[in-house]
Every structure is written in C-alpha cells, then in structure tokens.
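Peer 1: One structure follows; several queries about it will come next.
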Amino acid sequence: MPRDIYTEFANTGLGRSLTKNLGLPQPAKLRRHRPGRALVEGPVVVLGSSEASAALAERMLGWDLDVRRHIGPKEKVAAVVACFDSVSTPAQLSAVVLELGSLLRQLMPSGRVITVFRDPAGTEDPAVRAARSAVQGLTRSTAHEMRAGGTANGIVLSDSLDASAPGAAGALRFLLSGRSAFVSGQFISVDTVNGALPNDWDLPLDGQVAVVTGAARGIGAAIARVLRRDGASVILVDIPAAGEQLAAVANEVSGTALQLDITAQDAGERILAHAAQHHGRLDIVVHNAGITRDKLLANMDEARWNSVIAVNIESQLRMNRAFLASALFNADAHGGAGMGPRIVSLASTSGIAGNRGQTNYAASKAGVMGMVAATSAQLASRHGTINAVAPGFIETEMTARMPLATREVARRLNSLNQGGLPVDVAETIAFLASPQAGGTSGLTLRVCGQNLVGA
Amino acid sequence: MSAQNIRDAVIIGGNRIPFARAHTAYATAGNQDMLTSALNGLVARFGLQGEQLGTVAAGAVMKHSKNFNLTRESVLGTPLDPKTPAFDVQMACATGMEAIGSMANKIKLGQIDSAIAGGVDSISDAPIVVTDELRGILMEANRAKTMSQRLKAFAKIRPGHLAPQAPGVNEPRTGLSMGEHMAITAHAWGITRAEQDELALASHKNLAAAYERGFFDDLVTPFKGLNRDNNMRADSTMEKLGKLSPAFGKDLGEDATMTAANSTALTDGASAVLLGSEEWADQHDLPKLANFIDYEEGAVDFVDGAEGLLMAPAYAAARMLRRNNLSFSDFEYLEIHEAFASTVLAQIKAWESEEFCRNKLGLDSALGTIDRSRLNVNGSSLAAGHPFAATGGRIVGSLAKALHGKPGKLGFISVCAAGGQGITAIIEGR
Chain A
-16 MPRDIYTEFA
-6 NTGLGRSLTK
4 NLGLPQPAKL
14 RRHRPGRALV
24 EGPVVVLGSS
34 EASAALAERM
44 LGWDLDVRRH
54 IGPKEKVAAV
64 VACFDSVSTP
74 AQLSAVVLEL
84 GSLLRQLMPS
94 GRVITVFRDP
104 AGTEDPAVRA
114 ARSAVQGLTR
124 STAHEMRAGG
134 TANGIVLSDS
144 LDASAPGAAG
154 ALRFLLSGRS
164 AFVSGQFISV
174 DTVNGALPND
184 WDLPLDGQVA
194 VVTGAARGIG
204 AAIARVLRRD
214 GASVILVDIP
224 AAGEQLAAVA
234 NEVSGTALQL
244 DITAQDAGER
254 ILAHAAQHHG
264 RLDIVVHNAG
274 ITRDKLLANM
284 DEARWNSVIA
294 VNIESQLRMN
304 RAFLASALFN
314 ADAHGGAGMG
324 PRIVSLASTS
334 GIAGNRGQTN
344 YAASKAGVMG
354 MVAATSAQLA
364 SRHGTINAVA
374 PGFIETEMTA
384 RMPLATREVA
394 RRLNSLNQGG
404 LPVDVAETIA
414 FLASPQAGGT
424 SGLTLRVCGQ
434 NLVGA
Chain B
2 MSAQNIRDAV
12 IIGGNRIPFA
22 RAHTAYATAG
32 NQDMLTSALN
42 GLVARFGLQG
52 EQLGTVAAGA
62 VMKHSKNFNL
72 TRESVLGTPL
82 DPKTPAFDVQ
92 MACATGMEAI
102 GSMANKIKLG
112 QIDSAIAGGV
122 DSISDAPIVV
132 TDELRGILME
142 ANRAKTMSQR
152 LKAFAKIRPG
162 HLAPQAPGVN
172 EPRTGLSMGE
182 HMAITAHAWG
192 ITRAEQDELA
202 LASHKNLAAA
212 YERGFFDDLV
222 TPFKGLNRDN
232 NMRADSTMEK
242 LGKLSPAFGK
252 DLGEDATMTA
262 ANSTALTDGA
272 SAVLLGSEEW
282 ADQHDLPKLA
292 NFIDYEEGAV
302 DFVDGAEGLL
312 MAPAYAAARM
322 LRRNNLSFSD
332 FEYLEIHEAF
342 ASTVLAQIKA
352 WESEEFCRNK
362 LGLDSALGTI
372 DRSRLNVNGS
382 SLAAGHPFAA
392 TGGRIVGSLA
402 KALHGKPGKL
412 GFISVCAAGG
422 QGITAIIEGR
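Protein chains in written order, with my numbering: chain A, -16 to 438; chain B, 2 to 431.
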C-alpha cells in the first residue's frame, strides 16, 4: 500500500505546527475499530427532547456509554447525537442546532456528530419537508467543519418507524464507532423493523457464511479479513490468474479459495455449489470484483467498454438472479433469527459524480446503484437487504499507480484531508452485511471522507 | 484382516502449481518453496487451516541433502496443524504415485482418516555434487583438530577437484540416458516418428482445450506469476513438430525418431492430492471425486537389455488388471504418462501383442487395445511437463475430477520410472 507521507509528516510535532501556521490541510490519524476497544472514549451528548432522543439515549445507556443531556463547558465530548425527528418547521431547528454548535469545540479527536431525523420524502407537507431537508444540509455542512478526524453523518428514519428498531440502533452504533472512520457527510436510512442486534458486538457475523468476489488483493482482501474478524466464514473468489494471492488471503482468514471468473455464465451456480458443499448455507454476498479500462470517450473502443460493463455490472445481475432463485440464499430458512440474506455491491463515487476518462467505469458503477435500488424489493420478501458502498479515494495498488500530483490532490480533496484505507470500505460493507443493518436496503453509502467530487 | 474391514479411500481433490520448463519461471524457487506452495493452495481450496491430518507423504527425485525432511518442513510452512506428521518418499518418476497409493492404503486399513500425498521436483535448483576427491579433502579438514592440520588438508585441493558434478539423469548401471534407453526400445518396437508426433500434438491440444474450458480452475494455483504450464504449445502443428531433428538415438541414423517435442522436457513443479475416508470427507463437508481402488508396482531387468528401461508398467498393468478382473475396455479414461511419446506407444504395442503378452506377461492372449479417444484426454506430460515426483499428483487430481459425477466409471493410470520401475493404478468415479 502506498504511504501517505504528507499525513505522516503532518502528525509529527514539527508537522503539526508547520501545517497549522501555513494554513495547510491537517489530516488527523483516524480512530479505527479494534475488537475489545471502547465504542467511544468519552461522554455522548444527546440533544433534543423527541421520541427518538429518548429511545436512542436508552439504547446507548444499555451499551454502558456515558450518556449526557447536558455537559459542562470544559468537558470533552466523544459524540453528539442531535435528534430532529419531531421538527415540523424550519424554525424549530434552531434550539438543537445552536446547542450542537456550542459543543463542537469540545469534541475529542475523531469525534462524532450524528443527526437523527425523519425521511423528507415521507411527507407532502411543504413545511415539514423543508425542515427535514434542512437537516441534510446542516449535517453536510457540519461535516465540512469537523476537525481532527471528526465526522458528521445522519440517520434517516422512515415516518412510521419506532426509533427503538434494531436498524436504528445498528446505524447509530456504526456511526459512533471507529468502523465508520472514513464515512462523513452521509446518511443511513432505516426503513423497516427488520434485523436483529448481535449477542456479541465484536462478533456480529458469528456463524454466517459470506462470499467475497475479487478477494485476492486490495479492498477485496480487506473485506475478507473484516468479515472473518466479525465472525463469518468466508468463501474467497477471484480469477484463476490471481490464485496464488487468493490462496494466501484464504489461508490467512481460514476461508476457502474458489478460483472463478465471475463473468462465466454459471458463476452464481458455482458459488452456490461451493457454499452448499462446504457450509450448507450462504448468507452474505459481497460483489467486490471490478476492473477499470480508462479512456476518454472519444477514444473508447468496444473491448474497453464491454469488458468493464461485463465485469462490473452484468456479472452481478446474472449472479444475483442465481442467488435469488436459490433456497440456499435465505438466512431465515436456516435459523437466521430474522437476519435475512445480505448483498453488498461495490459502487464508486465515479458513478455518482462522473470522472473524466471513466465513462465505462462510471456507467457500470451508476448501474450498480440502480441495480441495488431495484433489487431491494426482491429481497424484501425474505427479510434480506441489498446495498451499495461507493468508495472515494482509497489507498490501494490501483490508486498508487496514479500520477503523483493527481494522487496528492485526490487525497486532500475531502473533509478528512486524506485517502481512506481498504479497511474503511470493508468496515462499511461488514456493517451493511450485519444483522443490525436489517432495516437498511436499496441504499448507496459513500465511504469517501466527504469527497467533493467523484474519484 | 478380513476384507470387510477395508474401507474406501476417497480422492477429495488436488492442487498443483503450473509446471515450468527448467530454468524459467521457477529458476529461483527450491523444492521446499514449490511443495509448500502446492500444499498452501490445497489448504486454501478446501479450508484445511488448522486441521491435523493423518499423514502427509511426498518427495522429490532431485533433492538436496539439506532437504532431508523436505515434506515435514513444507508442512510446517503451511497453516496445517503442526501436529500433522509427514515423511519423504522416493521412487523416481513414480514417487507421487507411490505416495498417493500408500496413503490410500493407510486410509483403507483405517490407520489414518486423512492424508495429503504428492511430490515436487526442481531441475533448476538441482543439488550440485562436488568431486569425490574434493569431498574427501573437505571431510579431512572438518576432522582436523588444529589450524595447521586444516591448512594441510586444504593444500591438497587441485583445480581439477573443483569442477562441479552435475546431477546425472543417466542410469547409473548402464551410463545411458533415459532417452537413449527409450530410443532402443522404440526402435525395437518399430515406433514411427509420425505416431510419436501425433501423440505429442494431441497432448498439447488436449491440455490447451482443458485450460480453455476452465477444467484446471480448481486444480491449479498460480505460482511466481505463472498461471499455466509454460511448456504448453497450443499452436503446435504436425508441420512444426516434423521440422525438429532427432534428440535421442542419433546412432540409429535415419531410424532416429525421438525429438525434443515428442520427449518430455525437464521441468520444475509440485502437486498434492487430498485423500480421506468417506466419513472424514463428510464430517468436513468436502467433495468426494473418486475412490482410489488399487495400485501395482513393477520393475524390469533392463541392465543387460532383457527389457526396455521404461517397460515396467506393462507388467504391473497385467498383474493389476488380472487381480481386479478388468480389461482396458472397462476404463472410461486412461492416463498413461509419457516420459517420451514412444514410451506410451511401446506399452500400447506390447499390450496389443499376442507374442509379448504370452511370452513376457504369461497370459493366454493379448491384454487388449487402448481406445485412443479415452487416452490422456485433458493433456499429459508431453505438454504439461514432467517434474518427476509431481507427475503422480497431477494425474490423480485431473483424473479424479474427470471421473467425478460418473459413479462407477473407472480410470487407469500408468507411470514409468527410472531404474526400470513403474506404477499402475485404478480409480473409480463417484
């Protein structure tokens, strides 16, 4: 993995004073999840007097957190949960917003701001919708103002959903934790009461069987490691030519290596057969495998266009048809306790913002987002979910090949002033694949440090 | 022990690294690297991390003295439970088959429930032996108690002592290379150049086609950037093969038929096969591709020329088929390893020969004919290459996969070996 020398320097004593005096970006060392480590390392302040604020405060007390309604002016704060779920006019925002603002300077490094509000699309009342939409704007802007590795994100509850639903607790815990280190300015919507909270928060995927495509290196290998760490048995898939690295990662995570080209017509069936043979079940599918064949559209040839579409989206559509047709891919059927099967696809911020020279790649990744939104309904009947994760600039072998200046700009172009790590993408995928994320489906979640554009 | 106590030995799957022509992709890898890699790929394919297996048996023909515990050291380099015992086998080119056959027998007898068997060979990392004179001086220096004694010993070294002795592939008792031996046999059996070139071409075409349809996706794990056997020539033609001049039996003049293309190249590589009892495979949710039914070793007296060096499998096959009451027509697939194309052709002619079968094998009639459409259908040593001890694992892994899903269908294996030896075997699909 390439070294981010600027960030290393900026975190030395000299580097800190120099970057501060010169007004340069100050990328902080992000707090990341380690099993056994405290969820947050200080008090959590809950703002607002709504139904959600009571439910979430009670939930956090159950996690043995130091939950406060008020806090002294000198005390340090690990996180602020600002509840706006009962606002019905923009004017009603101010009380909570101003209190939130007064606490920002007290936030510890890698601090968290989490707003909670109702889905703007859930109402036709202009004033109510304005108030709800306003929370999105204030959350995104707060994220831009966060310092020292801090992030701000929102939880969007559907109108009728009780805030004590497992999905709300799952999203809250993810956003509080170091698992969401590189997620900022984003919203996790929780729409249903589906899902379940794990017995052991360090092993939320205990007993589950996951398949990860493109698992031989980079983000795919990181996904396999995190799923394993969270308790899953992992089937690692990659093309036969990547078999040596695939075997090494499989042996590291005590998984099984399946050498397979996912563009094969029967790739889904072969994955199902492997899962049936070795585990008798399949609960989680992570469509990570993808390729880039960058070229300006004016110079785009058929092979470049077709191969990217075939690998990045057509193969996923074909495999999903096989998975959804199989009784094996139905976690509820084998004692999943309301868990339901999970699919997580890799999209990209390129698919959101577009990127020069990436019409094929951006098309395929935008396609993934569309596919995820549409497939959500098909999984609902078995309490399953499908979501996408859109990484921004991540430090991988692929981005290491970028020209130095382009790479350096891309790294600093987000609110955290640094590139993310493969593990950051993997953590978000593991969250979306977990029982506690059962209320979230059809979503594309960016892991980009609030990148300004697609990278 | 009564026959009822014999249980099935199941072939669960195989793994090998791509085979590489000597001094190419694996020039800097040693036997232990390659065997470890083949084992690691097998462990990853079947999720055997942390498993304590019954035994691991493997070996190499060209082996450094420092690799005295090659297989055990390789096992220690894998995520297998270090409490898994391992030992080295050596029976020239039949090493891999002997390792597989003997492990299958242990499973059949209930002595162990699981095993890995295979082999490795590196020509590129062959042990260099010093001259006997130099070795004598070095040992004398080693025994020396004082510096002056040691210097006195070293002073005896002469330039001529320093020439390294390349490892011989010549037969020690005849001084002839294996190719020269085979040239004699091929000539005696009247094997033509065209027949040999056809067999070589079929090997390349069949191997390339098998790769293309993904047959090796779950049999081969890349190593050191090599994805496929680099000896394979998918674009080979009879015209191209016909242009090569003879490499062996040159003293036969016009009658010399053996070329570099219809003889197997010196190769580096490693292979491994996972075996288990039926219960063990079921308990571990592992596939059951085939049963290892039987195997037979053979040897011939080649020193005085009474029989061809590589003809031992002809004899072993006859005994094995009689014991199992089978004939060649009972087999769905036949895997006959070619040290040389002419080896296979000479064996086939011998089995088809009434005279040979009566006089040499003691049978009433010819052993039978081989249906060429069932012979080496997924490629063979001529195209894949032949890292001596690794060939058995390659064949058993591929044949077991080919027979999987064909319950009761049989596969025949024949592997010739240096020293006038050979092994034949039978496996059954399930």
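The beta carbon of each residue, even a glycine, is placed where N, CA and C say it ideally should be.
Here the structure is a predicted model, which is why all the values come from computation and not from measurement.
Do S272 (chain B) and G393 (chain B) have their CB atoms nearer than 9 Å?
Peer 2: Result yes, Cβ atoms of S272 (chain B) and G393 (chain B) sit closer than 9 Å.
Peer 1: Below 9 Å between beta carbons: does that hold for G102 (chain B) and I349 (chain B)?
Peer 2: Taking 9 Å as the Cβ cut-off, G102 (chain B) and I349 (chain B) do not qualify as a contacting pair.
Peer 1: Can you give me the Cβ contacts of A152 (chain A) inside the same chain, cut-off strictly under 7 Å, excluding the 5 residues immediately before and after it?
Peer 2: So the list reads R42, L180, Q419, once near-sequence residues are dropped.
Peer 1: Determine the chain B residues that contact T239 (chain A) at a beta-carbon separation under 8 Å, and present them in chain order.
Peer 2: Neighbours of T239 (chain A) on chain B, chain order: A45, R46, F47, G48.
Peer 1: Excluding sequence positions up to five away, which residues of its chain have a Cβ less than 7 Å from the Cβ of K84 (chain B)?
Peer 2: Result list for K84 (chain B): Q53, in chain order.
Peer 1: Does the beta carbon of Y316 (chain B) fall short of 8 Å from some heavy atom of the ligand ATP?
Peer 2: This structure lacks the ligand ATP, and indeed carries no ligand of any kind.
Peer 1: Is there at least one Cβ from chain B nearer than 9 Å to A231 (chain A)'s Cβ?
Peer 2: True, the Cβ-Cβ gap to chain B drops below 9 Å.
Peer 1: Ordered along the chain, which non-local residues of its own chain (more than five positions away) have a Cβ less than 7 Å from that of D183 (chain A)?
Peer 2: Excluding residues within five positions, the ones whose Cβ falls inside 7 Å are D189.
Peer 1: Find the residues of chain A that neighbour N228 (chain B), judging by a C-beta separation of less than 7 Å, and give them in chain order.
Peer 2: Under the 7 Å cutoff, chain A gives P223, A224.
Peer 1: Bridge partners of Q341 (chain A), per DSSP?
Peer 2: Answer is A:K278, bridged to Q341 (chain A).
Peer 1: Compare the C-beta of P223 (chain B) with all C-beta atoms of chain A and state if any pair is closer than 9 Å.
Peer 2: It does: the Cβ of P223 (chain B) has a partner Cβ on chain A nearer than 9 Å.
Peer 1: Distance check for M92 (chain B) and R73 (chain B), CA to CA, integer angstroms please.
Peer 2: The straight-line gap from Cα to Cα measures roughly 18 Å.
Peer 1: Can you tell me whether D407 (chain A) is buried or exposed? The criterion is at least 16 other CB atoms within 10 Å of its CB, across all chains shown.
Peer 2: Flag for D407 (chain A) reads buried.
Peer 1: If we require 4 or more residues per run, which alpha helix (DSSP H) segments fall completely within the stretch 383 to 431 of chain B?
Peer 2: For the stretch 383 to 431 of chain B, whole alpha helix (DSSP H) runs of length 4 or above, ordered along the chain, are 392 to 404.
Peer 1: Going along the chain, which residues of the stretch 413 to 424 of chain B sit with their C-beta nearer than 7 Å to a C-beta in chain A?
Peer 2: Those would be none; no residue qualifies.
Peer 1: What does the alpha-carbon distance come out to for the pair V430 (chain A) and A356 (chain A)?
Peer 2: Rounded to the nearest angstrom, the two C-alpha atoms are 18 Å apart.
Peer 1: Taking M63 (chain B) and I12 (chain B) to be in contact with their CB atoms under 8 Å, please state how far apart those CB atoms are, rounded to whole angstroms.
Peer 2: With 8 Å as the limit, M63 (chain B) and I12 (chain B) do not qualify as a contact, their Cβ atoms being about 27 Å apart.
Peer 1: Suppose you measure from the CA of S85 (chain A) to the CA of R95 (chain A); what does that come to, to the nearest Å?
Peer 2: Whole-angstrom Cα-Cα distance: 14 Å.
Peer 1: Where does Q370 (chain A) sit, in a helix, a strand or coil, going by DSSP?
Peer 2: Reading off the sequence, residue 370 (chain A) comes out as Asn, not Gln. Residue state, collapsed to three classes: strand.
Peer 1: Determine the DSSP secondary structure at F157 (chain A), reduced to helix, strand or coil.
Peer 2: Looking at F157 (chain A) - three-state DSSP - the assignment turns out to be helix.
Peer 1: In the DSSP assignment, find the unbroken beta strand (DSSP E) run with S272 (chain B) in it and report its ends.
Peer 2: Run containing S272 (chain B): 268 to 277, per the beta strand (DSSP E) assignment.
Peer 1: Flag D286 (chain B) as yes if its beta-carbon sits less than 9 Å from any beta-carbon of chain A, otherwise no.
Peer 2: Judged by the 9 Å Cβ criterion, D286 (chain B) is in contact with chain A.
Peer 1: Among residues of its own chain, excluding the 5 on either side of V232 (chain A), which ones have a beta-carbon nearer than 7 Å to its beta-carbon?
Peer 2: Hits under 7 Å: A198, A199, A204, A207, L219.
Peer 1: Whole alpha helix (DSSP H) runs in the stretch 200 to 260 of chain A with 4 or more residues, listed along the chain?
Peer 2: Here the runs fully enclosed are 201 to 212, 226 to 235.
Peer 1: Are the C-beta of A207 (chain A) and some C-beta of chain B separated by less than 9 Å?
Peer 2: For A207 (chain A), the answer is no, since every Cβ of chain B falls outside 9 Å of its Cβ.
Peer 1: Per DSSP, H270 (chain A) is paired with what?
Peer 2: DSSP output for H270 (chain A) lists A:S328 as bridge partner(s).
Peer 1: Quick check: is the beta carbon of N234 (chain A) nearer than 9 Å to any beta carbon in chain B?
Peer 2: Cβ-Cβ to chain B under 9 Å: yes for N234 (chain A).
Peer 1: So with CB distances below 7 Å, who are the chain B contacts of E227 (chain A)?
Peer 2: Residues of chain B passing the Cβ test: T222, P223, F224.
Peer 1: If the cut is a Cβ gap below 7 Å, which residues of chain B does Q474 (chain A) touch?
Peer 2: Because chain A in this structure spans residues -16 to 438, residue 474 (chain A) falls outside the shown range and cannot be described.
Peer 1: So, helix, strand or coil for M2 (chain B), using DSSP?
Peer 2: At M2 (chain B), the pLDDT of 43 sits below 50, so the modelled position is not reliable and the matter cannot be decided from this model.
Peer 1: For a quick check, are the C-beta atoms of Q341 (chain A) and T275 (chain A) less than 9 Å apart?
Peer 2: Against a cut-off of 9 Å, the Cβ pair of T275 (chain A) and Q341 (chain A) comes out as a contact.
Peer 1: Give a yes or no on whether the C-beta atoms belonging to V372 (chain A) and S328 (chain A) are separated by under 9 Å.
Peer 2: Yes.
Peer 1: Going by alpha carbons, who is nearest to Q361 (chain A) out of A:R325, A:T389, A:T(-10), A:G168?
Peer 2: Of A:R325, A:T389, A:T(-10), A:G168, the residue nearest in Cα terms is A:R325.
Peer 1: Going by CA-CA distance only, name the one from A:G273, A:A256, A:I138 that's closest to A305 (chain A).
Peer 2: Here the closest residue by C-alpha is A:A256.
Peer 1: Is A135 (chain A) helix, strand or coil by DSSP?
Peer 2: Correct three-state label for A135 (chain A): strand.
Peer 1: So, using beta-carbon positions, are R212 (chain A) and P374 (chain A) closer together than 9 Å?
Peer 2: In this structure, P374 (chain A) does not lie closer than 9 Å to R212 (chain A) by Cβ.
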